[in-house]
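Participant: This is the structure, below, for whatever I ask next.
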Amino acid sequence: MTQPPRIMPVRRKIAFPPSVDAETRLLILGSLPGDASIKQGEYYAHRGNAFWALVSDLLSEDLRSAPYAMKLKRLRARGVGLWDVIESADRDGSLDSSIRGAELRDLSAFLSRLPNLRAIAFNGKTAAQHGRRQLGERSDLVMIDLPSSSGAYASLSRDAKRQAWNALAPYVDPT
């Protein structure tokens with residue numbers, strides 16, 4: 212007699228708090244942290260994710276091997292904040308295509324607390340889809356859709372991603 216396949220329950224995944232301050236000029240919004248990030252408690256912790264390499268190139272400052280707290284501190288010092296558009300969701304694994312039952316953040320209320328915000332960058336298609344749906348057209352903010360930094364998004368080379376991410380340069384504090 213064959214046993215039915217064992218179905219593992221999907222775990223509800225919860226996003227991190229924002230990494231911003233009153234001087235944030237550019238907010239990079241992801242979708243929802245992946246399993247490696249959740250396990251380590253750090254944004255973009257999976258070694259295959261190019262986020263820290265792309266941001267290092269953008270800032271002309273190598274953050275890849277810096278301690279996590281220092282990475283966030285350096286981003287804030289340059290006017291860059293991080294957050295996610297999804298507060299929590301059911302997801303088996305780390306792929307955005309597996310997200311079910313997403314509870315979205317209240318982006319409008321959050322953005323009202325960032326007086327110096329000039330631009331929002333959406334890290335990937337899922338972040339852009341949910342973020343733009345909530346925010347609509349806004350004349351007060353530049354909104355930029357970026358190719359995902361995820362290693363799972365392999366249809367673009369890292370160089371092509373880097374070129375796209377360079378669109379963020381005007382919103383980063385040069386110091």
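For the sequence shown, the residue numbers in this note's numbering are 212 to 386. The C-beta atom is built at its ideal place from N, Cα and C for all residues, glycine as well.
(1) Can you list, in chain order, the residues of its chain with a C-beta nearer than 8 angstroms to that of aspartate 295? Leave out the 5 residues immediately preceding and following it.
(2) How big is the Cα-Cα spacing for alanine 247 and glutamate 253?
(3) Starting from the C-beta of aspartate 307, find all residues in its chain whose C-beta is less than 6 angstroms away, skip the five residues before and the five after it, and write them out in chain order.
(4) Taking Cβ positions, are leucine 346 and leucine 318 nearer each other than 7 angstroms?
(5) Can you check whether the C-beta of glutamate 253 is within less than 7 angstroms of a C-beta belonging to chain D?
(6) Rounded to whole angstroms, what is the Cα-Cα separation between aspartate 303 and glycine 312?
(7) Pull up the distance between the alpha-carbon of glutamine 251 and that of leucine 379, whole angstroms please.
(8) What is the rounded straight-line gap between the Cα of leucine 322 and the Cα of leucine 238?
(9) When you compare only the Cα positions, how much space is there between valine 353 and glutamine 340?
(10) Just how far apart, CA to CA, sit arginine 373 and glutamate 314?
(11) Can you check the region 293-331 for any alpha helix (DSSP H) of at least 4 residues that lies completely inside it and give the ranges in chain order?
(12) Give the DSSP-derived three-state secondary structure of phenylalanine 262 in the structure shown.
(13) Might you give, ordered along the chain, the residues of its own chain that have their beta carbon closer than 8 angstroms to the beta carbon of alanine 371, omitting 5 neighbours on each side?
(14) If I'm right that asparagine 327 touches threonine 235 with Cβ under 8 angstroms, what's the distance once you round it to whole angstroms?
(15) For glycine 342, which of helix, strand or coil comes out of DSSP?
Facilitator: According to the structure shown:
(1) So the list reads Ala226, Phe227, Leu240, Gly241, Ser242, Leu243, Pro244, Arg316, Ala338, once near-sequence residues are dropped.
(2) The straight-line gap from Cα to Cα measures roughly 8 angstroms.
(3) Answer for aspartate 307: Ser242, Thr337, listed in chain order.
(4) Cβ atoms of leucine 346 and leucine 318: closer than 7 angstroms.
(5) Judged by its chain identifiers, the structure shown contains no chain D, having just a single protein chain.
(6) Approximately 12 angstroms, taken between the alpha carbons.
(7) C-alpha separation (whole angstroms): 27 angstroms.
(8) Put simply, the backbone Cα of leucine 322 is about 9 angstroms away from that of leucine 238.
(9) Straight-line Cα distance between these residues: approximately 15 angstroms.
(10) In a straight line, the C-alpha of arginine 373 is about 30 angstroms away from that of glutamate 314.
(11) Segments of the alpha helix (DSSP H) lying fully in the region 293-331: 318-322.
(12) In the structure shown, phenylalanine 262 falls within a helical segment according to DSSP collapsed to helix, strand and coil.
(13) These residues qualify, in order along the chain: Pro358.
(14) 6 angstroms between Cβ atoms; contact.
(15) The answer is helix: DSSP assigns glycine 342 an H, G or I state.
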